[in-house]
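As structure tokens, the structure follows; a few thoughts come after it.
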Amino acid sequence: MEVTRENNGNLQSVKLTGDVFAIFLRILSNSSMSPANSELFKEINNTSIHVYPRLLNSSSTDGNAPDQTFTADVEEEANSYYERVYRQEIGIEDFIKLLQRFKHSKEKRENQIFSCMVHNLFDEYQFFPKYPQRELTITSVIFGSLIQYQLVIYEALGIALRYVLNALRSPSDSKMFNFGVQALLQFQSRLPEWPQYCSHLLQITQLQQAHPEIVIKLELQN
2 MEVTRENNGN LQSVKLTGDV FAIFLRILSN SSMSPANSEL FKEINNTSIH
52 VYPRLLNSSS TDGNAPDQTF TADVEEEANS YYERVYRQEI GIEDFIKLLQ
102 RFKHSKEKRE NQIFSCMVHN LFDEYQFFPK YPQRELTITS VIFGSLIQYQ
152 LVIYEALGIA LRYVLNALRS PSDSKMFNFG VQALLQFQSR LPEWPQYCSH
202 LLQITQLQQA HPEIVIKLEL QN
């Protein structure tokens, strides 16, 4: 991606690397914006995955969610919400609304709880195959909803999309494949934003065989 700057009265184009662009997006995401600028930022963020498709393949040096630490009380509260949704004390829709409220809250602590909840969910990905089926189904809906409702952006969005893609590459009779399908269904309305991602999905044989109806929709969008 290029930007234009003025140098001694002359306009020059400067090419931005993905890392530099990521810094700009982080700063903008933490800034106050008018409704119009907020919508524009969403468009820019969505385009970033298309401009820098490597995000679908690698989002950090070790392939996992970025390292981040939280205070013990934030960790405890964040985990308590997951426990409540798994015990069905909170409905999934209310859980998603809670995430939305915490993400956009003016209270720093609630922002930290939101970040902790997302971080812990990504961190748990490696353990999803060991989850009981009911809990994993709930998790898949939450995971896909993070993408659908734009609760994760840029690097985190790339990680989430890649995790769903990797899950769908699992055997069709596995828990992880079912997780991937359920998560994908949550954000299928956003798939036209990422034609390259759709191309990756169309290459998954087990998805073609187990869910031809999804493949037909992907072909129409691609």
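The opening residue of the sequence shown carries number 2 in my numbering; numbering runs sequentially from there.
Quick reminder that beta carbons are idealized off the backbone N, C-alpha and C, glycines included.
Between the C-alpha atoms of A73 and Q209, what's the straight-line distance to the nearest angstrom?
Here residue 73 corresponds to residue number 72 of the sequence shown, with the count starting at 1. Here residue 209 corresponds to residue number 208 of the sequence shown, with the count starting at 1. Their Cα atoms are separated by approximately 44 Å.
Check each candidate in L152, F123, Q134 and S146 and name the one with the smallest Cα separation from H105.
Mapped onto the sequence shown, residue 105 falls at position 104. Sorting L152, F123, Q134 and S146 by C-alpha distance to the C-alpha of H105 places L152 at the top.
Where does S171 sit, in a helix, a strand or coil, going by DSSP?
Sequence index remark: in the sequence shown, residue 171 carries index 170 (1-based). Reduced to three states, the DSSP call for S171 is coil.
At a cut of 8 Å, does the region 131-144 reach the region 173-191 through at least three beta carbon pairs?
Because the criterion of three Cβ pairs below 8 Å is met, the region 131-144 and the region 173-191 touch.
Taking 8 Å as the cut-off, does the region 154-168 touch the region 97-115 (at least 3 CB pairs, one atom from each stretch)?
Taking 8 Å as the limit for Cβ pairs, the verdict is that the region 154-168 does not touch the region 97-115.
Tell me whether V153 sits in a helix, a strand or coil according to DSSP, three-state version.
Looking up residue 153 in the sequence shown gives position 152. Three-state result, V153: coil.
Quick check on DSSP: helix, strand or coil for I91?
Within the sequence shown, residue 91 is the residue found at index 90, counting from 1. I91: coil per DSSP, three-state reduction.
Would you say P193 and Q149 are within 9 Å of each other, going by their C-beta atoms?
Walking along the sequence shown from the start, residue 193 turns up at place 192. Walking along the sequence shown from the start, residue 149 turns up at place 148. For P193 and Q149, no; Cβs fall outside 9 Å.
Start and end residues, alpha helix (DSSP H) containing T206:
On the sequence shown, position 205 is the one that residue 206 refers to. Start and end: T206 to A211.
Look up S106 in the DSSP assignment and say whether it is helix, strand or coil.
As a first step, residue 106 must be located in the sequence shown, where it is residue number 105. Coil.
Check whether the Cβ of F180 sits closer than 8 Å to any heavy atom of the ligand GDP, and report yes or no.
The ligand GDP is not among the ligands present in this structure, which contains no ligands whatsoever.
Alpha carbon of M177 to alpha carbon of I205, nearest angstrom
Within the sequence shown, residue 177 is the residue found at index 176, counting from 1. Within the sequence shown, residue 205 is the residue found at index 204, counting from 1. Rounded to the nearest angstrom, the two C-alpha atoms are 14 Å apart.
Return the Cβ separation of E207 and P172 in integer angstroms, given the expectation that the two are a contact with Cβ distance under 8 Å.
Position 206 of the sequence shown, counted from the start, is the residue given in the question as residue 207. Position 171 of the sequence shown, counted from the start, is the residue given in the question as residue 172. Residue 207 is actually Gln in this sequence, not Glu. So it is a contact: roughly 7 Å between Cβ atoms.
Given V216, which residues of its chain have a CB within under 7 Å of its CB, disregarding the five upstream and five downstream residues?
Counting from 1 along the sequence shown, the entry for residue 216 is found at position 215. Sequence-distant partners of V216 (beyond 5 residues in either direction) whose C-beta falls short of 7 Å from its own C-beta, in its chain, are L203, L208 and Q209.
For a test of the three-state rule: what should DSSP assign to T140, helix, strand or coil?
Position 139 of the sequence shown, counting from 1, holds the residue named residue 140. Of the three classes helix, strand and coil, the one that applies to T140 here is helix, per DSSP.
Give the straight-line distance between the Cα atoms of M118 and A79, rounded to the nearest whole angstrom.
The residue labelled residue 118 in the question sits at position 117 within the sequence shown. The residue labelled residue 79 in the question sits at position 78 within the sequence shown. For M118 and A79, the gap between their C-alpha atoms comes out near 5 Å.
Return yes when the Cβ of L166 is within less than 9 Å of the Cβ of H201, no when it is not.
The count along the sequence shown starts at 1 and reaches residue 201 at position 200. The count along the sequence shown starts at 1 and reaches residue 166 at position 165. Closer than 9 Å, so yes.
Could you tell me how far apart the beta carbons of L219 and C199 are, in whole angstroms, since I believe they sit closer than 8 Å?
Position 218 of the sequence shown holds residue 219. Position 198 of the sequence shown holds residue 199. Yes, L219 and C199 are in contact; Cβ-Cβ is about 5 Å, under 8 Å.
Taking only the alpha-carbon atoms, compute the straight-line gap between I97 and F115 and give it to the nearest angstrom.
Position 96 of the sequence shown, counted from the start, is the residue given in the question as residue 97. Position 114 of the sequence shown, counted from the start, is the residue given in the question as residue 115. Approximately 11 Å between the Cα atoms of the pair.
Under 9 Å between the Cβ atoms of Y82 and I139?
To locate residue 82, count along the sequence shown from 1; it is residue 81. To locate residue 139, count along the sequence shown from 1; it is residue 138. The criterion of a C-beta distance shorter than 9 Å is not satisfied by Y82 and I139.
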